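Engineer: Let me begin by handing over the structure; questions about it come next.
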Amino acid sequence: MSDTTHGTWRLLCGALVLSLLAACSPLKLLNSLTPGSTFIKTRDIAYGSDPRQKLDVYQPRQAAPGAPVVVFFHGGSWNSGSRSDYDFVGEALASRGMVAVLADYRLYPQVRYPAFLEDAARAVAWTHEHIGEFGADPRRLYLMGHSSGAYNAAMLALDSRLLGQVGLTPQIIKGWIGLAGPYDFLPIRNLEVRPVFFYPDSPPDSQPINHVSQGAPPALLIASNEDSLVNPQRNTGGLANKLRAAGVPVQEFYFSRTNHATLVAALSRPLRGLAPVLERVSGFVEATQ
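Following the working numbering, the numbering of the sequence shown begins with 753 at its first residue and continues without gaps.
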């Protein structure tokens, strides 16, 4: 099959999957189309006592010694979502030689800001302490998230108080990756998000953009031009500009064939033709080791 034919076939397959996504549970469909041959999955590891304080580890079947590790936080406006919805993310990272840790965290109404960030910090602390048992190098630790999960990753990378509560610092992070993240969203317009951050008394220190400082970990920020949920110019663009002004290395990409949801879905095998999200992520990890 020629490269042109192969590319056309991938686009046709992607179009078919997109049409199916509109008709059923999108994430479950992507997971059902995710091969299990590239990774070994260890499920339901507790990093705390609450049922939501659990994580899964995805090891590449052909892992090199001392592989990098990426801790991924799912989105869902801090009131929904589960790591089990994102097998395709674990597979994508493992297929490129990375050990992936997919962590849940407590959600509203069980908790509000900053409790879910404290959970995220504990998940990172577990990873830093134990990931060597899974063939990864804790000195090559990255954070990654989509939407509200990208916010979690950003806050851990930028607000040193959070990792400080578990005896760590942001300096343990080699880099962090944000997909369609909200980093500067006060005053809060999303009605579902308002109670999470005590609207109308939302604290300014809840915003990642207010914690940028020299020496923060390098960042890869990716967004969709057609994102109607999280404004890409204000959030991704604004944070990228502030990081650069502070001398922090940052890469910034915008894609036109994805929206807020399909940006992370482009990590899945059926939809990788939408945008080179996985290539950007793997390239960032390789370049910052």
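For every residue, glycine included, the Cβ atom is placed at its ideal position computed from N, Cα and C. Nothing here was measured: the structure is a model prediction, and the numbers come from that model.
#1: Determine the DSSP secondary structure at I961, reduced to helix, strand or coil.
#2: Sorted by chain position, which residues of the same chain lie with C-beta nearer than 7 Å to H880's C-beta, five sequence neighbours on each side aside?
#3: Going by DSSP, what residue range makes up the beta strand (DSSP E) through R813?
#4: At which residue ranges does the stretch 842-919 contain complete alpha helix (DSSP H) runs of 4 or more residues, listed in the order of the chain?
#5: Got a sec? Which residues, its chain only, sit under 8 Å from C776 by beta carbon, not counting five neighbours each side?
#6: Relative to the C-alpha of P704, which residue among V1016, Y810, V1037, Q959 is closest?
#7: Helix, strand or coil for G989? Go by DSSP, reduced to three states.
#8: Hey, out of P817, V822, Y860, whose CA is closest to R946's CA?
#9: Does the pairing of the stretch 782-793 with the stretch 856-873 give three or more beta-carbon distances under 8 Å?
#10: Is L772 helix, strand or coil by DSSP?
#11: From what residue to what residue does the alpha helix (DSSP H) around T1040 run?
#12: To the nearest angstrom, how far is the alpha carbon of R804 from that of E1004?
#13: Going by C-alpha to C-alpha distance, which of Y857, F824, V964 sits closest to D871?
#14: Closest to A816 by CA distance: which of D837, V823, R848 is it?
Structural biologist: Taking the definition as stated:
#1: helix
#2: P890, L893, L920, I924
#3: R813 -> no beta strand (DSSP E), and no H or E assigned at all.
#4: 867-882, 900-910, 912-916
#5: Residue placement at C776 is poorly supported in this model, since its pLDDT is 44, which falls under 50; the coordinates still yield a value, given next. Answer for C776: no residue qualifies.
#6: Given that the chain is displayed from residue 753 to residue 1041, the structure contains no residue 704 and the question cannot be resolved.
#7: helix
#8: Y860
#9: no
#10: Below a pLDDT of 50, predicted positions are generally treated as unreliable, and L772, at 41, falls in that range; no measurement from the model is reported.
#11: Run containing T1040: none; DSSP gives neither H nor E here.
#12: 32 Å
#13: Y857
#14: R848
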